[in-house]
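Residue numbers (the numbering used here), protein chains in the order written: chain A, 23 to 271; chain B, 669 to 987.
Just so you know, even glycine gets a beta-carbon here, dropped at the ideal spot from N, CA and C.
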Amino acid sequence: MTSESLRNVWTIAKRELVGYFNSPVAYVFIVIFLLLNGFFTFMLGSYFQRGEANLNAFLMWHPWLYLFLVPAAGMRLWSEERRVGTLELLLTMPISAWQAIIGKFLACWLFLGLALFLTFPVVLTTTYLGDPDLGAIATGYLGSFLLAGAYLAVTVMTSAMTRNQVIAFILSVVICFFLILAGWEPVTDLLVRWAPDWLVSTVAAFSVMPHFTQFQRGVVDLRDLVFFGSVIAFCLFSTSVVLRGLRAA
Amino acid sequence: MITVENLVKDFGPKRAVNRVSFTVQRGEILGFLGPNGAGKSTTMRMITGFIPPTEGRVSVGGHDVNEDPIPAKRLMGYLPESAPCYSDMTVHGFLSFAAEMRGLHGSAREDAIRRVVGLCFLENVLHQSVDTLSKGYRHRTCLAQAIIHDPEVLVLDEPTDGLDPNQKHEIRQLLKRFGQNKAIIFSTHILEEVDAVCTKAIIIDRGQVVAHGTPAELRARHELAGTVTIRIQGAAAESVRTRLAGLGTAGKVTLSTAEGSVLARVYPRDKFVNGDLARAIAEVAAKEGWRFDDLRTEEGRLDDVFRTITQPDTTRRAA
Numbered sequence: 023m024t025s026e027s028l029r030n031v032w033t034i035a036k037r038e039l040v041g042y043f044n045s046p047v048a049y050v051f052i053v054i055f056l057l058l059n060g061f062f063t064f065m066l067g068s069y070f071q072r073g074e075a076n077l078n079a080f081l082m083w084h085p086w087l088y089l090f091l092v093p094a095a096g097m098r099l100w101s102e103e104r105r106v107g108t109l110e111l112l113l114t115m116p117i118s119a120w121q122a123i124i125g126k127f128l129a130c131w132l133f134l135g136l137a138l139f140l141t142f143p144v145v146l147t148t149t150y151l152g153d154p155d156l157g158a159i160a161t162g163y164l165g166s167f168l169l170a171g172a173y174l175a176v177t178v179m180t181s182a183m184t185r186n187q188v189i190a191f192i193l194s195v196v197i198c199f200f201l202i203l204a205g206w207e208p209v210t211d212l213l214v215r216w217a218p219d220w221l222v223s224t225v226a227a228f229s230v231m232p233h234f235t236q237f238q239r240g241v242v243d244l245r246d247l248v249f250f251g252s253v254i255a256f257c258l259f260s261t262s263v264v265l266r267g268l269r270a271a
Numbered sequence: 669m670i671t672v673e674n675l676v677k678d679f680g681p682k683r684a685v686n687r688v689s690f691t692v693q694r695g696e697i698l699g700f701l702g703p704n705g706a707g708k709s710t711t712m713r714m715i716t717g718f719i720p721p722t723e724g725r726v727s728v729g730g731h732d733v734n735e736d737p738i739p740a741k742r743l744m745g746y747l748p749e750s751a752p753c754y755s756d757m758t759v760h761g762f763l764s765f766a767a768e769m770r771g772l773h774g775s776a777r778e779d780a781i782r783r784v785v786g787l788c789f790l791e792n793v794l795h796q797s798v799d800t801l802s803k804g805y806r807h808r809t810c811l812a813q814a815i816i817h818d819p820e821v822l823v824l825d826e827p828t829d830g831l832d833p834n835q836k837h838e839i840r841q842l843l844k845r846f847g848q849n850k851a852i853i854f855s856t857h858i859l860e861e862v863d864a865v866c867t868k869a870i871i872i873d874r875g876q877v878v879a880h881g882t883p884a885e886l887r888a889r890h891e892l893a894g895t896v897t898i899r900i901q902g903a904a905a906e907s908v909r910t911r912l913a914g915l916g917t918a919g920k921v922t923l924s925t926a927e928g929s930v931l932a933r934v935y936p937r938d939k940f941v942n943g944d945l946a947r948a949i950a951e952v953a954a955k956e957g958w959r960f961d962d963l964r965t966e967e968g969r970l971d972d973v974f975r976t977i978t979q980p981d982t983t984r985r986a987a
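Here is the structure:
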């Protein structure tokens, strides 16, 4: 990438971020995200009763929390542009569609990263109460951030498919839900009875859960990074295909 | 600056734009006319590279819009039909974004914003959210983003839509001023605008160009274009007819009488709109001692021409 295209990506990302913070969306999102995190961690996750100096009671909820919150944060990215007609403005400016896709994705990812960063009191609490493995905490956060990125990429894709935010939201929740459940036994059992082994293992391989738990344990495996990276790359590529199809139709 | 060759766009089985070709040079303002759904916006979207054509090509400043889009888009400013703006930004924020997308940063950006805010009369709303703007302001905000980089080519889809008469006038003045050193295409429903602003006009109907020329040439297609009417008090109708029909430049003469005056309409022999026929008639009137209180040459009305060469939606449905 040349410096000019980086600059374009940043201009688009900045616009999206300003958009988030100019509307109540950002504040509502962050407050809800933090409240739910607290509730899940301390009430449902029985953080104190566990007596463990780690973030498992906190991180284990993230796949479920993100399932609804990430699509909510990202559903407007393209569908709003399509609904209002600003897509025409954006795509007739001297930029490539790629720069717009990446700019928008990064803006929302950074925003989710900020929300995630604001959960730092959990880390402070844990270090105050015990002597946790800070490396595992760092990789846990990294895993959570990558998970959010994967969900977000799915949302970016569904958002480009429709001008209706509600449809974009529901589609991405369904796809992300599949990404959670793909490796879960009741789901694989459903397939085992009739599908060949390779299909079962292929479907199971789409699950985000085993990759995410690796990070929680403090393991950064290249395969897990590649997994999240390829989900993101595939979805963003699909977005570019959807946008091209939209214009050619 | 803009060359459009054999442009075709199909939406499924429907052909929205059918073999449209034209060129616009620097210093020309092309008015794009046509009924709703004639293919004006689709053509403009292909020119600006928003949608690819099914066939044909568009080049802007020598760059093919589809093969080499970025340099072509850099030369263009575009106001889409509904004047869309990012509603979650302030006017200043929106214009800064547009400026940065066009490669203007820092003080160059602020200068550009100041310039277009002045040109589009946005001073009062500069720090207001786009959300809260009236239609006229929103329209001008979108126009401002189109001209923020002082482009050589302007493509404006109904630039005066939704403005009040004063604002319409200002925008027309602006277009005229820009037209001196830019290539401009704009679409409109308002035919007086064509007369006021354009150097060339195209009428498009059901995807096809049905007329192409200067506004005067289009007006000359009117059936009454070039006819001269004269109203004479207290003269004998038959002698008026014989005298007028005897003129070398005159063709058919029609007469009507009302309240003691004779209204004569003289068709020119050759369909030219110039002063010759009127001058000849005035000389005859002076020689005969006719007391006339009205003498004028009909220039032809664009809206009649428009109506005769395009089909309204209503008849199209029956066809």
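- Straight through space, the alpha carbons of Phe200/A and Glu778/B are spaced by roughly 48 angstroms.
- Thr856/B is bridged by DSSP to Leu701/B.
- Contact of Leu113/A with chain B by beta-carbon distance below 7 angstroms involves Phe718.
- Ranked by how close their Cα comes to the Cα of Pro116/A, the residues Val759/B, Gly761/B, Phe762/B, Ala766/B have Ala766/B in first place.
- For Leu963/B, the uninterrupted beta strand (DSSP E) run begins and ends at 959–965, by DSSP.
- Taking 9 angstroms as the threshold, the shortest C-beta distance from Asp756/B to chain A falls below it.
- Here DSSP, grouped into helix, strand and coil, assigns Met744/B to strand.
- In the DSSP annotation of this structure, the continuous segment of the alpha helix (DSSP H) that includes Thr261/A starts and ends at 244–270.
- The three-state reading of DSSP puts Lys803/B in helix, counting H, G and I together.
- Shown here, Ser27/A sits in a helix according to DSSP, grouped into three states.
- The Cβ of Arg770/B sits closer than 9 angstroms to at least one Cβ of chain A.
- Per DSSP, the unbroken beta strand (DSSP E) holding Glu723/B starts and ends at 723–728.
- Contact of Pro752/B with chain A is assigned, a C-beta pair being separated by under 9 angstroms.
- Under the Cβ distance rule, Cys810/B counts among the residues neighbouring chain A, one pair being separated by less than 9 angstroms.
- Taking 9 angstroms as the CB threshold, Gly761/B lines the interface with chain A.
- Counting only Cβ-Cβ distances below 9 angstroms, Asn186/A has no contacts in chain B at all, with the closest Cβ about 17 angstroms away.
- Remark: C-beta atoms of Asn44/A and Met757/B approach each other more closely than 9 angstroms.
- Counting every other CB atom within 10 Å of its CB across the protein chains shown gives His807/B a total of 16 or more, marking it as buried.
- Between the C-alpha atoms of Asn792/B and Arg783/B there is a straight-line separation of about 14 angstroms.
- Contact between the segment 200–211 of chain A and the segment 678–686 of chain B is absent: fewer than 3 CB-CB pairs across the two stretches fall below 8 angstroms.
- Residues of chain A with a Cβ closer than 9 angstroms to the Cβ of Phe765/B are, in chain order, Thr33, Ile34, Lys36, Arg37, Val40.
- The C-beta distance from Glu860/B to Met669/B rounds to 26 angstroms, too long to fall under 8 angstroms, and the pair is not in contact.
- Under the three-state reduction of DSSP output, Gly152/A falls in the coil class, being neither helix nor strand.
- The C-beta of Ser25/A comes no closer than 9 angstroms to any C-beta of chain B.
- By the criterion of a C-beta distance shorter than 6 angstroms, Pro93/A is surrounded in its chain by Thr177, Phe191, Ser194, Val195, once the five residues flanking it on both sides are discounted.
- Identification of chain A residues near Tyr746/B by a Cβ-Cβ cut-off of 7 angstroms yields Thr114, ordered along the chain.
- In terms of CA proximity to Asp246/A, Leu164/A leads the group Leu164/A, Ser27/A, Pro154/A.
- For the segment 191–248 of chain A, the continuous alpha helix (DSSP H) assignments of 4+ residues that do not extend past its boundaries occur at 207–214, 219–227, 231–238, in sequence order.
- Rounded to whole angstroms, the separation of the alpha carbons of Ser262/A and Thr224/A is 25 angstroms.
- Contact between the segment 255–269 of chain A and the segment 117–127 of chain A is present: three or more C-beta pairs spanning the two stretches fall below 8 angstroms.
- Among the residues of chain A, those whose CB is under 7 angstroms from the CB of Arg742/B are Pro116, following chain order.
- For Ile815/B, no chain A residue has a C-beta closer than 8 angstroms to its own C-beta; the minimum C-beta separation is roughly 14 angstroms.
- A straight line joining the alpha-carbon of Leu811/B with that of Gly680/B spans about 32 angstroms.
- Apart from the 5 residues on each side of it in sequence, Pro46/A has no Cβ closer than 8 angstroms to any other Cβ in its chain.
- Interface residue (Cβ-Cβ distance to chain A less than 9 angstroms): Ser855/B is not classified as such.
- Annotation: Phe789/B is outside any beta strand (DSSP E) and is labelled neither H nor E by DSSP.
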